[in-house]
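Structure record follows, encoded as structure tokens.
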Amino acid sequence: MHSRLLCFFFCLIVEATNGDCAVDGSCNNKAILIIGASGAIGKALTKKFLDNGISVIAGLRKSPLPPELSDHPLLKQEFDIDMTNGPSIEKLFIKYHGGIGSVWNLAAPLSVDTASNPNLAYDVVVNGMNRLLASMAMHKVPTILFSDSIGSFGHECPRNWGATATWLLENPKQDPGSDYATNDLA
């Protein structure tokens, strides 16, 4: 299941860029920026891109990537990237001006942190996405991809392969069941 999910993510970036990217995911020789690259999905996605010869800029708060990734010549790690701080996001786009082809936003607080501080979670997830989109627009980076969990849709959401995102639009008042999911819905 894990490798099938990564294949889905890897193939999605090619499809989402409307042909601006090659079949291998590279975007006109531009790097892919992954914010939240130190998480489980971020590390796996970074590895997949690097293994396919695609340059990655890893936007990290504190934790470096493990040596098997950090030593790769196509990887650049940038630290102190904080979704609650617009200038920390903007500095990436200034430093790599014209060199970022697409962005993966995987930044999210742990659900336990969200429960203890929902305002911070909202600032990271919702306001952070707005800060990121503003920097992307200013620097003409056209493509963003992100991941979310089924928890955002609450316990009433269908859990079968036939379920679609349309369900959420048709059920906008459903209770997601946690502060974490409430922020994701925003």
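Residue numbers for the sequence shown follow our numbering, so the first one is 78 and each next one is one higher.
Yeah, the Cβ is synthetic: ideal placement off N, Cα and C, and Gly gets one too.
The structure displayed is predicted, hence computed values, not measured ones.
Judged by beta-carbon spacing, VAL180 lies beyond the 8 Å limit of VAL133, meaning their Cβ atoms are not closer than that value.
Annotation for ASN196: no beta strand (DSSP E) segment contains it, though the alpha helix (DSSP H) segment containing it runs 195 to 199. When ILE112, PRO150, LYS120 and ILE177 are compared, the shortest CA-CA separation from ARG138 is found for ILE112. Each residue's CA atom was taken as its position, placing LEU210 and GLY178 some 14 Å apart. Comparing alpha-carbon positions, the option among MET206, SER193 and SER140 lying closest to GLY163 turns out to be MET206. Secondary structure at ASN182: strand, using DSSP grouped into helix, strand and coil.
In the DSSP secondary-structure assignment, ILE177 is bridged to ALA108. With a beta-carbon spacing of about 6 Å, SER224 and ILE118 fall inside the 8 Å limit used to define contacts.
Per DSSP, GLY136 lies in no alpha helix (DSSP H); the unbroken beta strand (DSSP E) holding it starts and ends at 133 to 136.
Secondary structure of ILE158 (DSSP, three-state): coil.
Counting C-beta atoms within 10 angstroms of its own C-beta, ALA114 has 16 or more neighbours from the protein chains shown and is therefore classed as buried.
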